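Residue numbers (our numbering): 19 to 163. Ideal Cβ placement from N, Cα and C applies to all residues, glycine included. Keep in mind the model is a prediction, meaning the values are calculated, not measured.
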């Protein structure tokens, strides 16, 4: 498995992975969002490739504002991590996370944060398995006016 930095050349290969993670997302909007990451200094997107097939990605950025559980700001934040179902449980997400950690250290950051939905036990277990500690659980509300 190879890990590549997001580029103009591999951006089209990222979009099916993004759709796999956010099936209800707007692909054109996501394409625009990820295009902006390519030159960014405070964000990184990495793609995992097995031979000619792109099988996963991670998007990490730097957050300057409040992050649950963070003791130092700014903090590196995993905005998204995804591996195709056929390639899960093979250490790919772990390798992507390790690459994100390396990037965060090079950026001079001392913490990496992430989140998942309260009901996503697979993701919760994964985060704990690779050394994350649960910082908080929240329930969000909205009221239509």
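Straight-line measurement puts the Cα of residue 131 at about 21 Å from the Cα of residue 51.
When 141, 55, 118 are compared, the shortest CA-CA separation from residue 26 is found for 55. By the beta-carbon neighbour count (other beta carbons within 10 angstroms, threshold 16), residue 154 is exposed. Within the DSSP secondary-structure output, residue 75 pairs in a beta bridge with 65, 100. Within the same chain, and ignoring the five residues on either side of residue 31 in sequence, the residues whose Cβ sits closer than 6 Å to its Cβ are 72. Distance from the Cα of residue 141 is smallest, within the candidate group 129, 117, 156, 98, for 98.
DSSP, read as helix, strand or coil, puts residue 142 in helix.
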